[in-house]
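Q: Before we start, here is the structure in question, set down as structure tokens.
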Amino acid sequence: MKHRTAFFPGSFDPFTKGHEDIVLRALALFDEIVIGIGHNSNKARYFSLEKMKGAIEKTFKNKPVRVVTYQNLTATVAREVGAHFIIRGLRNTTDFEYENSISQVNRHINEELETVFLITSPHLAPISSTIIRDLHRYGSSINQYLPYNLEEE
């Protein structure tokens, strides 16, 4: 049987329990998950790339998960890491509309690439990186939304 690698791209600023849930569930479907922290030219990072990469690696220690950073098209990076699948989590129909368009373009760039959508677990659906950044920016604790302790990273 062929080794099945999936690529999970995002800005992960920060990587949340919702993201962790998607990765853990995807591990039941794939042999390896490559988490790609992409540089989004439309967004300035709030948490450093190095901090997030380290936190994610620590979260999935002893699991078949790799973490890479990239500044390229997602479909191109998926090919470079040997992935034939992209994993995306969907919280709502707005996410679907956005992700569906991106998946069509990715498939055009890399015909061997299939996007797999996983619906966010209901108890994690309200969590978004944007909300977590705002909470942190104004002094609220955010560790309950993260699979790691931010202060230890």
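First residue of the sequence shown? That's 214 in this note's numbering, and the numbers climb one at a time after it. Each residue gets a CB set at the ideal place from its N, CA and C atoms; glycine is no exception. All of these numbers come straight from a predicted model, not from anything done at the bench.
1. Touch check for the stretch 253-265 and the stretch 236-243: three-plus C-beta pairs under 8 Å?
2. Between the C-alpha atoms of Asp226 and His349, what's the straight-line distance to the nearest angstrom?
3. Drop a sphere of 10 angstroms on the beta-carbon of Thr307, count the other beta-carbons inside from all chains shown, and report buried for 16 or more, exposed for fewer.
4. Quick test of your reading: Gly249 and Val281, contact by CB under 8 Å. State the CB separation rounded to the nearest angstrom.
5. Is Phe298 helix, strand or coil when you go by DSSP?
6. Bridge partners for Tyr283 per DSSP, in chain order?
7. DSSP three-state call for Leu303: helix, strand or coil?
8. Counting along the chain, where does the beta strand (DSSP E) carrying Ile332 start and finish?
9. Tell me which residue opens and which closes the alpha helix (DSSP H) that Thr272 is part of.
10. Please state the DSSP three-state secondary structure of Phe228.
11. Spell out the partners DSSP gives Phe220 in its beta bridges.
12. Note down, in chain order, each residue of its chain lying with its Cβ closer than 7 Å to the Cβ of Tyr361, except the 5 sequence neighbours on either side.
13. Measure the alpha-carbon distance for Phe260 versus Arg217 and round it to whole angstroms.
14. Given this structure, state the Cα-to-Cα distance separating Tyr283 from Pro335, to the nearest angstrom.
A: In this structure, then:
1. No, the stretch 253-265 does not touch the stretch 236-243.
2. Approximately 12 Å, taken between the alpha carbons.
3. Classification for Thr307: exposed.
4. 5 Å between Cβ atoms; contact.
5. Under the three-state reduction of DSSP output, Phe298 falls in the strand class.
6. Looking at the DSSP output, Tyr283 shares a beta bridge with Gly251.
7. Note: Leu303 maps to strand in three-state DSSP.
8. Here the beta strand (DSSP E) through Ile332 covers Glu327 to Ile332.
9. That run of the alpha helix (DSSP H) goes Leu262 to Thr272.
10. In this structure, Phe228 counts as coil in the three-state DSSP scheme.
11. In DSSP, Phe220 forms a bridge with Val247 and Ile299.
12. Cβ-Cβ distances below 7 Å link Tyr361 to Ala268, Lys271 and Thr272 in the same chain, with the five nearest sequence neighbours on each side left out; the list follows chain order.
13. C-alpha separation (whole angstroms): 31 Å.
14. Cα to Cα, the separation comes out at about 30 Å.
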